[in-house]
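Contents: one structure, followed by commentary.
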Amino acid sequence: MELCESGSLAEYISHKDGQIEEDVLWNIIYELAKGLRDIHNAQVAHLDLKPSNILLDETGNLRIGDFGFSLQCSGEPRDIRGEGDRRYMAPDLLKDHFDMPADIYSFGLILLEMVTRTVLPDTGESWEMLRLGDFSDYKMTHVSQALQDLIRRLLTLNEKDRPTAQELLDHDDLKRFKAQDSSPHKGALYEYVKEIQDMSGDGESRLKRQDTYSTPKMKTDHCWY
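What follows is the structure, encoded as structure tokens:
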């Protein structure tokens, strides 16, 4: 198992004071899209994508973890209704469509949460309005039109109209990050990880996370799941 000693994206969101810089947001999008591409290429739907399941390694790279609800898309279907976190649940799951586009929708909700700095609802009218495509309560005008449009594409109600993870990686605003794949690099949240490492001193508090934050270590330079 690879130790992800720097916590999770959920902790970063809680720690961050004020708006998240757009360049950081695009870098996060790139790293998560790479992870989802590899997961989906393996014909697996995660089905519980949320900030607390996105872990951070010692250099701020994002790792998708917790495959407790995942489903092998080419295998036998199973009943997972009522499971997972309702705040990030795709409307597809309400129709028993347990497939990869549901992960893309959850991805969009994560971005919506980070851009608008609001807590997503887990029930009630606000929850329903989001899944009807009504984002009027979520202001995104402080970020570029390209990022606003991308989030709306991810949250398209028709699952067939959502981009795949590979199509996300082909987005013009993500091309500049591809150069970093050829050599070891600082992750999207490197500065945040460095900050918490400095705060933790000798690292004792980070080592206590070992049983909680870990994800399988692959035999590649880039471990995404």
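Residues 1 to 225, numbered by full-length UniProt numbering, are exactly what the sequence shown covers, in order. C-beta atoms are modelled at their ideal positions from N, C-alpha and C, and glycine is treated no differently. Given the structure is predicted, the values throughout are model-derived calculations rather than measurements.
**Item:** Own chain partners of V115 with C-beta closer than 6 Å, once the 5 adjacent residues on each side are dropped
**Value:** M140, V143
**Request:** Within its chain, find whatever has a CB closer than 7 Å to the CB of N27; leave out the 5 residues flanking it on each side and keep chain order.
**Result:** F177, A188
**Asked** Helix, strand or coil: which one does DSSP assign to E2?
**Response** strand
**Prompt:** Where does R86 land, buried or exposed, given buried means 16+ other C-beta within 10 angstroms?
**Reply:** exposed
**Prompt:** In the DSSP assignment, what residue or residues form a beta bridge with S8?
**Reply:** In the DSSP assignment, S8 is bridged to L55.
**Request:** Measure the beta-carbon distance from I110 to K50 and round it to whole angstroms, keeping in mind my assumption that it falls under 8 Å.
**Result:** 7 Å
**Request:** Look up A102 in the DSSP assignment and say whether it is helix, strand or coil.
**Result:** helix
**Message:** Which of the three DSSP states is assigned to A45 in this structure?
**Reply:** Strand at A45.
**Message:** Three or more C-beta pairs under 8 Å: does that hold for the stretch 87–102 against the stretch 13–29?
**Reply:** no
**Message:** Going by DSSP in three states, R117 sits in which element: helix, strand or coil?
**Reply:** Correct three-state label for R117: coil.
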